[in-house]
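Asks: Questions regarding the structure given below will be posed in turn.
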């Protein structure tokens, strides 16, 4: 599975006896569970006969549920035990012991609810700015975000980057890129997608795809060869 950068933090917990083979710029690793930060670059995840629980969450949710700011993930892929310690192995044991998927999902929900209840939350101004970026599909100016939340541009830039892990501008670019990827994956032409997503021209779209995915729009491929997601998950 090729992981395409997206405006979500992804958690994967493997339930079998094997491990997930993760290949990225940091090298090759075998992980039983992982968290992939925002815009992790080109990553490939491989496994055979994989049973896993996957959770995709916005950076707003990840801030409390992972126990670290998405900034600390630095766009990389980390083993969950690095973030959750012994709680990771206990959760994985419980999920593996449960035989029904509904029971596994319930266990995951309960675990995340407990973490959320005891964790710090983002500044409401940062949350509002993120939600505005998502609702506007990345087509928003940083200055307008600052005005809407009552902060200076400098303060918004600093607080948003510290808590989300991307600058407001980069976050908007990522949300727009995610929409473009889904359009390209659905078979729409690059020129049509560029116009629909607010790019200046087709060359602008090509530059963003190259910057985020390291390839051309035509090389992204149709689902399920790519891994994309709507920014509205958890």
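In the numbering used here, the protein residues as written are 23 to 256. The beta carbon of each residue, even a glycine, is placed where N, CA and C say it ideally should be. As the structure is a computational prediction, the values presented were derived from the model and not from experiment.
(1) Report yes if the CB atom of residue 50 is closer than 8 Å to the CB atom of residue 99, and no otherwise.
(2) Less than 6 Å between C-beta atoms, sequence neighbours within five positions excluded: which residues of the same chain meet that for residue 254?
(3) Pick out whichever of 139, 157 and 231 has its Cα sitting closest to the Cα of residue 83.
(4) Using the beta-carbon count (16 or more within 10 Å), is residue 187 buried or exposed?
(5) Within its chain, find whatever has a CB closer than 6 Å to the CB of residue 201; leave out the 5 residues flanking it on each side and keep chain order.
(6) Locate the beta strand (DSSP E) running through residue 79, then write down its first and last residues.
(7) Residue ranges of each alpha helix (DSSP H) run of no fewer than 4 residues wholly in the segment 178-242, ordered along the chain?
(8) Report the three-state DSSP secondary structure of residue 49 (helix, strand or coil).
(9) In terms of residues, what are the limits of the beta strand (DSSP E) holding residue 126?
(10) Does the beta-carbon distance from residue 65 to residue 25 come in below 8 Å?
(11) Consult DSSP for residue 107 and reduce its assignment to one of helix, strand or coil.
(12) Quick check on residue 54: buried or exposed, where buried means 16 or more other Cβ atoms within 10 Å of its Cβ?
(13) With DSSP as the reference, label residue 163 as helix, strand or coil.
(14) Taking the alpha-carbon positions, what's the residue 171 to residue 148 distance?
(15) Contact between the segment 178-198 and the segment 87-95: three or more CB pairs below 8 Å?
(16) Just the Cα atoms here: how many angstroms apart are residue 168 and residue 175?
(17) At the level of alpha carbons, what is the spacing between residue 71 and residue 121?
(18) Taking the CB atoms as reference points, tell me whether residue 80 and residue 30 lie closer together than 8 Å.
(19) If you reduce the DSSP assignment to three classes, tell me which class residue 68 lands in.
(20) Could you tell me the alpha carbon to alpha carbon distance between residue 195 and residue 230, rounded to whole angstroms?
(21) Does the beta-carbon of residue 126 have 16 or more other beta-carbons within 10 angstroms, so that it is buried, or is it exposed?
(22) Measuring only the C-alpha atoms, how far is residue 141 from residue 56?
(23) To which residues does DSSP link residue 147 through a beta bridge?
(24) Would you please state the rounded distance, in angstroms, between the beta carbons of residue 190 and residue 151? I believe it to be under 8 Å.
Replies: This is what the structure holds:
(1) no
(2) Because residue 254 carries a pLDDT of 39, less than 50, the predicted location of this residue cannot be relied on, and no value is offered for it.
(3) Comparing alpha-carbon positions, the option among 139, 157 and 231 lying closest to residue 83 turns out to be 139.
(4) buried
(5) Within the same chain, residue 201 has close Cβ partners 159 and 219.
(6) 74-79
(7) Counting whole runs of 4 or more residues, the segment 178-242 contains the alpha helix (DSSP H) stretches 190-207, 212-218 and 224-235.
(8) DSSP places residue 49 in strand when its eight states are reduced to three.
(9) Segment 123-139 is the alpha helix (DSSP H) holding residue 126; no beta strand (DSSP E) there.
(10) Cβ atoms of residue 65 and residue 25: closer than 8 Å.
(11) coil
(12) Around the beta carbon of residue 54, 16 or more other beta carbons sit within 10 angstroms, so the residue counts as buried.
(13) coil
(14) 8 Å
(15) yes
(16) Between the C-alpha atoms of residue 168 and residue 175 there is a straight-line separation of about 5 Å.
(17) 16 Å
(18) Between residue 80 and residue 30, the gap from beta carbon to beta carbon is short of 8 Å.
(19) For residue 68, the secondary structure class from DSSP, reduced to helix, strand or coil, is strand.
(20) 8 Å
(21) buried
(22) 20 Å
(23) Paired residue(s): none; residue 147 is not in a bridge.
(24) Right, the Cβ-Cβ distance comes to about 6 Å (below 8 Å), so this counts as a contact.
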